[in-house]
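Residue numbers (this note's numbering): 1170 to 1706.
Glycine included, C-beta positions come from ideal geometry on N, C-alpha and C.
Remember, it's a predicted structure, so these values are computed and weren't measured experimentally.
These notes concern the structure reproduced below.
Dropping the structure here:
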């Protein structure tokens, strides 16, 4: 009978469950040594521990079931660096018959529930972080399309959690930041669409003083109780407070009123609008999980990020043009979105793109910012098409088929790979799934998506070449970093700005080519891998 859940509790699948013991044997593998991991895949059998993981003082690996323990001396030895670590006082009662959950071999994945920085004056009043959504709407489209897009936004706002913070930016020839906190009338800050704007310029024009951006002691930046409400609540309000205001604003919103010459495209400043949204989030909520959700109806023709001229006689670049390098706007646009990606990654924010147009909208240029932040891309012919409407709804609604983006998690995944030295390599492939029972995991978690970091610890014989998936290398080098880079490499730590239940990362490994690794007597019969994922919304 086929196994319907090959990843099991741990959400990890290896290309090889038995690994070669030397670099030479590894070089003969047609399929690389790799592991596909689902960092926040939920499972009912994962236990939850109400304290922080115990980390090795040398390599920072977490205590796991494969650590050697001296119960009398209350010392544990890290299986990665062999460092002897003292147990803290709250482990004083452990024994061979009284093991903590993380040392129990049956719990290969462990979830840790960590309390956020409490209020020093009132520890019981722990701050709660809310998800943040900034909607960026293109108004350079026909009336019918704009009606469809506004209807989708209204539905999304109704599906958001009541305490989720919401902001709104519209753009056409110019970019408009709407001050939702000013309820007396519609108040808008206008940014010129033809000029690239820095984060500091965004702050200055929006009137965000430096003093207002300082967080209160004991609170992470961006918390509702850790900033002055007059600063952030001008532009970002809880969904329950601004739903009526935003719906009224959308009802009044019209298509871009700037005239378009015959035979020309509309002036669309997509790049400026995204820069303004990123600058707004960076000023108000740096380090707090947030998503910029852009609804775009055509190519950028104005300012930074331009992919084509306004003249309709000039077609949008094709694959053939990219291959021939006959793309005058491409490199400059990619450079702009690359800098935007770095800003978003540094802030821990995500860029999602929902594009509905019969022509191209510039995804080839924008993809660097979307991929590195872990964002979504949905392409459709119209905002009224079921592809867009169903996909947009699944982002926000709750249910088994939804993406669960309105939810948090610290996850440690440890992996042990058995190496049977006395078995020829050709025979190992045959018994991968039947005979080898030494492939085990040792993990850890907690519940929300958005911003996070992935750390990988492994035995000294293993090198990490890189990761393929929605993450960004933090360039943290170490002895386990391979000289060969695949995907996001040259590190053992990655930043992940956006995650959901179905997110999958593939980690590519290699074996070291030291002289000792080719001597059978010195080969360690066990390799160890550990994946530690920390999330913060």
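Cβ shell of residue i (< 7 Å), same chain only, five flanking positions each side left out
i	result
residue 1149	In the structure displayed, the chain extends from 1170 to 1706; residue 1149 sits before or after that span and is not available.
residue 1508	none
residue 1664	1514, 1622, 1640, 1641 and 1643
residue 1505	1440, 1473 and 1474
residue 1558	1321
residue 1604	Unreliable positioning characterises residue 1604 in this predicted model, as indicated by a pLDDT of 27, which lies under 50. A coordinate reading is not provided.
residue 1178	1212, 1214, 1215, 1277 and 1278
residue 1352	1414
residue 1648	1629
residue 1592	Bear in mind that the predicted position of residue 1592 carries a pLDDT of just 27, short of 50, making it unreliable; the figure below should be weighed with that in mind. Closer than 7 Å at the Cβ level, and outside the excluded window around residue 1592, lies no residue.
residue 1725	The structure shown does not extend to residue 1725, since the chain spans only 1170 to 1706, so no value can be given for it.
Nearest-angstrom beta carbon gap, residue j and residue i [assumed within contact, 8 Å]
i	j	result
residue 1538	residue 1520	5 Å
residue 1213	residue 1331	Between residue 1331 and residue 1213 the Cβ distance is about 28 Å, and since that is not below 8 Å, they are no contact.
residue 1660	residue 1650	6 Å
residue 1414	residue 1328	Not a contact, Cβ separation roughly 17 Å.
residue 1404	residue 1336	5 Å
residue 1522	residue 1463	5 Å
residue 1192	residue 1681	7 Å
residue 1775	residue 1438	Residue 1775 lies beyond the stretch modelled for the chain, which goes from 1170 to 1706, so this question has no answer here.
residue 1697	residue 1248	5 Å
residue 1677	residue 1201	6 Å
6 Å Cβ shell around residue i - same chain, five flanking residues per side excluded
i	result
residue 1548	1524
residue 1435	1309 and 1429
residue 1422	none
residue 1624	1662 and 1701
residue 1503	1534
residue 1545	1521
Identity of the residue in the options nearest residue i by Cα
i	options	result
residue 1440	1281, 1461 and 1514	1461
residue 1679	1655, 1665, 1673 and 1664	1655
residue 1367	1334, 1498 and 1443	1443
residue 1333	1402, 1228 and 1321	1402
residue 1446	1486, 1510 and 1495	1510
residue 1376	1422, 1449 and 1635	1449
residue 1501	1645, 1484, 1522 and 1469	1469
residue 1374	1349, 1506, 1452 and 1266	1452
residue 1675	1196, 1498 and 1205	1205
residue 1343	1228, 1472 and 1550	1472
residue 1243	1235, 1454 and 1254	1254
residue 1411	1455, 1364 and 1326	1326
residue 1551	1218, 1318 and 1182	1318
residue 1320	1671, 1541 and 1419	1419
residue 1499	1518, 1517 and 1530	1530
residue 1176	1189, 1505 and 1211	1211
residue 1199	1188, 1354 and 1283	1188
residue 1565	1324, 1479, 1260 and 1544	1324
residue 1180	1202, 1197 and 1207	1207
residue 1482	1496, 1495, 1433 and 1455	1433
residue 1478	1516, 1407 and 1363	1363
residue 1304	1561, 1227 and 1184	1561
residue 1256	1670, 1223 and 1416	1223
residue 1259	1226, 1250, 1252 and 1220	1220
residue 1516	1406, 1301, 1497 and 1555	1301
residue 1540	1484, 1232, 1668 and 1567	1668
According to DSSP, residues forming a beta bridge with residue i
i	result
residue 1549	1525
residue 1657	1636
residue 1406	1335
residue 1343	1361
residue 1665	1621
residue 1183	1204
residue 1148	A question about residue 1148 goes unanswered here, because the residues of the chain that appear run from 1170 up to 1706.
residue 1329	Bridge partners of residue 1329: none, in fact.
residue 1532	The partner list for residue 1532 (beta bridge, DSSP) is empty, contrary to what the question assumes.
residue 1231	1224
residue 1255	1244
residue 1464	1306 and 1523
residue 1721	Residue 1721 lies beyond the residue range present for the chain, which begins at 1170 and ends at 1706; the question has no answer from this structure.
residue 1679	1632
residue 1642	1663
Same chain, Cβ closer than 8 Å to residue i, neighbours up to 5 away in sequence not counted
i	result
residue 1345	1338, 1339, 1357, 1358, 1359 and 1360
residue 1424	1308, 1309, 1310, 1311, 1312, 1315 and 1341
residue 1273	1234
residue 1673	1205, 1206, 1207 and 1638
residue 1601	Interpretation of residue 1601 is limited by its pLDDT of 27, a score under 50 that renders its predicted location unreliable; no figure is taken from the coordinates.
residue 1236	1245, 1246, 1247, 1248 and 1272
Residue i CB to nearest heavy atom of the ligand GTP below 8 Å
i	result
residue 1190	This structure lacks the ligand GTP; in fact it carries no ligand of any kind.
Validate contact between the segment 1427-1444 and the segment 1485-1495 using beta carbons, cut 8 Å, 3 pairs: Counting Cβ pairs under 8 Å, fewer than three are found: no touch.
Could you say if the segment 1623-1637 and the segment 1655-1667 meet the contact criterion of at least three C-beta pairs nearer than 8 Å? At 8 Å Cβ cutoff, the stretches touch.
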